[in-house]
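S.K.: There's a structure below that I have some questions on.
Residue numbers (full-length UniProt numbering): 1 to 228.
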């Protein structure tokens with residue numbers, strides 16, 4: 001987006017009706033509405049009310065009563081979609097910024113924005129990305145994305161089972177179970193078996209395919225020395 005088209009930046013009508021300015025990357029001024037921002041995110045509400053040592057006198061107009069907040073940890077390319085989300089519950093998230101935006105959404109307690117990031121990740125699923133995205137889904141508690149990862153692995157089981165990253169993930173999952181007994185379950189294996197059993201048995205050919213995949217999974221576990 002060109003500088004003149006950026007939302008909330010130095011636009012006369014917004015400058016008139018807004019009552020708060022965020023400064024991003026030390027040179028971009030975003031004119032926003034304090035009541036709306038504070039209602040939508042507790043993080044910014046606390047930042048504004050308690051100052052967090054980041055409140056500055058307005059440097060643009062001496063007689064302006066607007067509060068000015070310098071944001072040091074959020075860059076312009078991430079702040080723009082963040083503001084779009086705060087104002088509209090929607091935003092476009094590019095593949096290049098989704099990682100950082102997910103972290104920001106988590107820090108700012110914005111579960112809706114986290115879900116939008118999850119939607120972006122779901123379009124990036126491949127044999128090469130599946131394990132890293134599954135890790136993110138679990139870390140940030142993106143249940144829908146985690147289920148989509150399970151489905152992808154189930155649909156591409158033979159290829160995924162050959163990956164060292166998947167083997168490592170299963171071993172980590174087994175080790176994460178507190179007081180795990182020799183034949184206790186492993187979360188990722190449970191999820192895969194559940195998906196295969198519940199969603200792949202529609203007709204005879206599906207049943208045969210499911211049984212074949214179950215055997216592939218059992219053989220894989222035998223090969224890595226995990227009983228589940």
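Backbone N, C-alpha and C fix where the C-beta goes; we use that ideal spot for every residue, glycine too.
1. Ignoring anything shorter than 4 residues, give me the alpha helix (DSSP H) runs that lie fully in the region 89-148, in order along the chain.
2. Note down the Cα distance separating residue 17 from residue 118, rounded to an integer number of angstroms.
3. Can you list, in chain order, the residues of its chain with a C-beta nearer than 6 Å to that of residue 79? Leave out the 5 residues immediately preceding and following it.
4. Residue 27: which of 156, 192, 47 and 68 sits nearest, CA to CA?
5. Assuming contact is defined by CB atoms lying nearer than 8 Å, are residue 153 and residue 130 in contact in what I supplied?
6. Given residue 74, which residues of its chain have a CB within under 8 Å of its CB, disregarding the five upstream and five downstream residues?
7. Going by Cα to Cα distance, which pick from 98, 226 and 207 is closest to residue 137?
8. Give me the DSSP bridge partner(s) of residue 29.
9. On the CB-based measure, 16 or more other CB atoms within 10 Å of its CB, does residue 174 come out buried or exposed?
10. Per DSSP, what kind of secondary structure is residue 39 in: helix, strand or coil?
11. Considering residue 69, what are the terminal residues of the beta strand (DSSP E) in which it resides?
12. Got a sec? Which residues, its chain only, sit under 7 Å from residue 196 by beta carbon, not counting five neighbours each side?
13. Smallest Cα separation from residue 36: which of 223, 77 and 89?
14. Nearest-angstrom Cα distance between residue 171 and residue 116?
15. What span of residues does the alpha helix (DSSP H) with residue 228 cover, start to end?
16. Using three-state DSSP, classify residue 177 as helix, strand or coil.
17. Throw me the rounded Cβ distance for the residue 86 and residue 41 pair, which I believe falls under 8 Å.
M.R.: On the basis of the supplied data:
1. 98-107, 111-122 and 130-139
2. 34 Å
3. 24
4. 68
5. yes
6. 24, 82 and 104
7. 98
8. 23
9. buried
10. helix
11. 67-71
12. 154, 210, 213 and 214
13. 89
14. 30 Å
15. Element bounds for residue 228: n/a, residue is neither H nor E.
16. coil
17. 6 Å
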